[in-house]
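Residues in the sequence shown are numbered consecutively from 66, following our numbering.
One structure is given below, encoded as C-alpha cells.
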Amino acid sequence: MNEVGDLSSQPPVVFPSQNEALRFFDELQPAMPDEMIGLWQGHGIATGHPLDGVLENLGWYGKRVHPGLRADALLFRAGPRRLAAIDPARIPLRLALRLSRFGRTRIARNWFTYLQRVLRASAPVAKLKPLSFRGETSTAMIYDRKPIIDHFRRIDDGTVIGAMVVEGDERVFFFLLRQTSPGRRGHDRGQTPLEASACSYNIMPRRRPVALEGGRKCRSTMFYGRVR
Numbered sequence: 066m067n068e069v070g071d072l073s074s075q076p077p078v079v080f081p082s083q084n085e086a087l088r089f090f091d092e093l094q095p096a097m098p099d100e101m102i103g104l105w106q107g108h109g110i111a112t113g114h115p116l117d118g119v120l121e122n123l124g125w126y127g128k129r130v131h132p133g134l135r136a137d138a139l140l141f142r143a144g145p146r147r148l149a150a151i152d153p154a155r156i157p158l159r160l161a162l163r164l165s166r167f168g169r170t171r172i173a174r175n176w177f178t179y180l181q182r183v184l185r186a187s188a189p190v191a192k193l194k195p196l197s198f199r200g201e202t203s204t205a206m207i208y209d210r211k212p213i214i215d216h217f218r219r220i221d222d223g224t225v226i227g228a229m230v231v232e233g234d235e236r237v238f239f240f241l242l243r244q245t246s247p248g249r250r251g252h253d254r255g256q257t258p259l260e261a262s263a264c265s266y267n268i269m270p271r272r273r274p275v276a277l278e279g280g281r282k283c284r285s286t287m288f289y290g291r292v293r
C-alpha cells in the first residue's frame, strides 16, 4: 500500500482515519465537469468506512461520464473482458452498509455476479454538476434515485479522488479514479474513437488502439481513447 506523502503520482490507498482523508481532500483543486467525461477505473481508499474493500470484492470497475454529463455511476466487471452498468436504485444501500462484512466474502462476490443481470441499468443513472462541498465548489455526481452524491477533487490531469456522501450518514466513503479513456474533448488531440454501450460493453485486448464493443440491446455513444 502507498502511504500518505507526495500524491501527484501515487495517491494513497489508505488513510489512518476519515479525518485525515478529509484534510487531504480539502487541499486538492476542484475538478471541472468537462474534465470528467470518459471512462474511469476506480479503487477504494481505506479510511475505516464500512464499504472499504466491498466494491473491489464485488468486481467494481469504476464510472463513466457521457458527453452530456450523464453518468453510469457504477460499472462492474461482468466477465474477463466485459463491463456492466448497475442501477444503484436497485441496491438496498442501508442494508448493504449494515452487512458490509458479508460484502467482503467470496459468497457475496458469487451472489453479486449472479444478480448482475437483474441489477443492470438501462440508461445513465446520475448527472454531473458543480456543487459546493466543504467550502469548495467542484464537480459532483448526483444519483437520480438514491440520496447519494459523489464529490470530486483533482489530483492531476487523469486522476481524481471521490468522496461519496449518503444523506443521513456522517461517514464519507473515499475512492480513487484514474481516467482510462477521455471523452469527446480528446478528439481534438488526434485520439481514436471508442464505442461503448449505455449499459454494458466488451473490452477487447488489442494493443493499439484499445477498442470497446457495444452490447446489442443498449444505446451506443462514442468516446475517444489514446492509441497505445
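Where a beta carbon is used, it is the ideal one built from N, C-alpha and C, also for glycine.
This one's a predicted model, so the numbers in the text were calculated from it and none came from an experiment.
Whole-number beta carbon distance between residue j and residue i, since they are thought to touch under 8 Å
i, j, result
"PRO132", "SER203", "Wrong, their Cβ atoms sit about 20 Å apart, outside the cutoff."
"PHE240", "ILE110", "6 Å"
"ALA205", "PHE198", "7 Å"
"PRO212", "GLU232", "3 Å"
Buried versus exposed, by CB contacts within 10 Å (16 or more), residue i
i, result
"PHE167", "exposed"
"ALA86", "buried"
"LYS128", "buried"
"PRO195", "exposed"
"ARG210", "exposed"
"ASN137", "Per the sequence shown, the amino acid found at residue 137 is Asp instead of Asn. By the 10 Å Cβ count, ASP137 comes out buried."
"MET97", "exposed"
"LEU160", "exposed"
"PHE80", "buried"
"PRO189", "buried"
"SER285", "Confidence at SER285 is low in this model, with a pLDDT of 32, below 50, so the placement of that residue is unreliable and no value is reported for it."
"PRO145", "exposed"
"ASP117", "buried"
"SER82", "exposed"
Counterpart residues of residue i in DSSP-defined beta bridges
i, result
"PHE238", "MET229"
"TRP105", "LYS128, GLN244"
Beta-carbon proximity of residue i to residue j, cut-off 9 Å
i, j, result
"LEU340", "TYR179", "Residue numbering for the chain in the displayed model covers 66 to 293; residue 340 lies beyond these limits and cannot be assessed."
Would you say the region 101-113 touches the region 166-185, given that touching needs at least three Cβ pairs under 8 Å? Touching, no, given that fewer than three Cβ pairs across the two stretches are closer than 8 Å.
Pairs of beta-carbons, one from the region 225-238 and one from the region 172-179, closer than 8 Å: are there three or more? No, the region 225-238 does not touch the region 172-179.
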